[in-house]
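Structure first, then comments.
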Amino acid sequence: MIVKQTEFIKSATKPSHYPEGSLPEIAFAGRSNVGKSSLVNVLVNRKNLVRTSSTPGRTQLINFFQVNDDFMLVDLPGYGYAKVPLAVKKEWRPMMETYLSKRRNLRGVVLILDIRRTPTEEDQQMLAWLRAFSVPPIIVITKCDKVSKNERAKQSSVIMEKLQLKKEDLNYFSALSREGKDAVWARIDALLAP
Ligand code: GTP
Ligand code: MG
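The sequence shown begins at 38 in this note's numbering and counts up one residue at a time.
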């Protein structure tokens with residue numbers, strides 16, 4: 038996709054606040070600090086469409102951005118940040134489950150993982166929801182510039198094992214080198230194709 042324009046539309050916590058209309062949606066999910074905003078900014082060629090330096094986990098909102106007249110890019114609240122107040126953490130589960138199970142416009146979810154970390158229970162939960170609700174996942178393994186080729190292979194095995202994934206499911210990415218940008222777009226384009 039050639040991105041000509043990306044525009045913030047609105048934030049939501051519940052279905053009555055989701056944008057109206059029938060544009061297909063691709064959502065982005067992952068642990069706090071995993072590199073979600075950095076990935077989105079590289080994809081849409083913006084330095085700071087989504088803030089990369091704000092205090093993680095403070096705003097727990099679903100943010101909708103329209104890309105061209107093509108689709109809605111949906112930034113889901115990050116999870117797993119230790120300092121988030123308990124009340125906010127409790128809201129995460131129903132908010133996510135509702136969006137993932139009820140949103141008819143949703144075509145797929147980009148699930149972002151850190152190449153250096155073992156997937157957590159929340160990562161497993163996210164993937165289990167996607168499978169249960171038949172939402173196609175795009176697995177993006179980011180921060181690949183931080184590890185050697187050897188370590189990449191080793192960590193890939195850990196991730197595949199933990200999340201029951203195959204090698205061809207994994208998309209390697211780096212916001213620094215921009216490795217994987219075209220491959221991630223190709224996966225998104227495939228899900229948006231009618
Ligand atoms: P929150 O929204 O705060 O939960 O974080 P996030 O998942 O949006 O992560 P963000 O993009 O803000 O990145 C977190 C930190 O990781 C920042 O310091 C980024 O510069 C760094 N970072 C993100 N992606 C990469 C990458 O591919 N390579 C390297 N080396 N650093 C990265
Ligand atoms: Mg972010």
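Quick reminder that beta carbons are idealized off the backbone N, C-alpha and C, glycines included.
Check: Extent of the continuous alpha helix (DSSP H) run through GLU216; Outcome: Careful: GLU216 lies outside any alpha helix (DSSP H) and carries neither H nor E.
Check: Separation of ALA190 from ALA227, as counted between CA atoms; Outcome: 26 Å
Check: Pairwise C-alpha distance: GLU128 and HIS54; Outcome: 16 Å
Check: Alpha-carbon to alpha-carbon, TYR116 and THR50; Outcome: 15 Å
Check: When LYS186, ASP112, VAL77 are compared against TYR136, the one with the closest alpha-carbon; Outcome: ASP112
Check: Check whether VAL146 and VAL177 have beta carbons under 8 Å apart; Outcome: no
Check: Check: THR179 C-beta below 7 Å from any heavy atom of ligand 1; Outcome: yes
Check: CB contact flag (GLY72, ASP182, <8 Å); Outcome: no
Check: Proximal residues to TYR209 (C-beta, below 6 Å), its chain only, five neighbours per side dropped; Outcome: ILE178, CYS181, GLY217
Check: Proximity below 8 Å, CB of LEU148 to CB of ALA66; Outcome: yes
Check: Under 8 Å between C-beta atoms of PHE170 and PHE102; Outcome: no
Check: Cutoff 8 Å; reference VAL184; Cβ partners in own chain excluding five residues on either side; Outcome: ILE152, ARG153, GLN192
Check: Assigned secondary structure, TYR136 (DSSP; H/G/I helix, E/B strand, else coil); Outcome: helix
Check: Assigned secondary structure, PRO174 (DSSP; H/G/I helix, E/B strand, else coil); Outcome: strand
Check: SER53 Cβ short of 7 Å to ligand 2 heavy atom set; Outcome: no
Check: ASP160 - containing beta strand (DSSP E), residue span; Outcome: That residue, ASP160, is in no beta strand (DSSP E); its alpha helix (DSSP H) goes 158-169.
Check: For THR43 and LEU213, the rounded distance between their alpha carbons; Outcome: 21 Å
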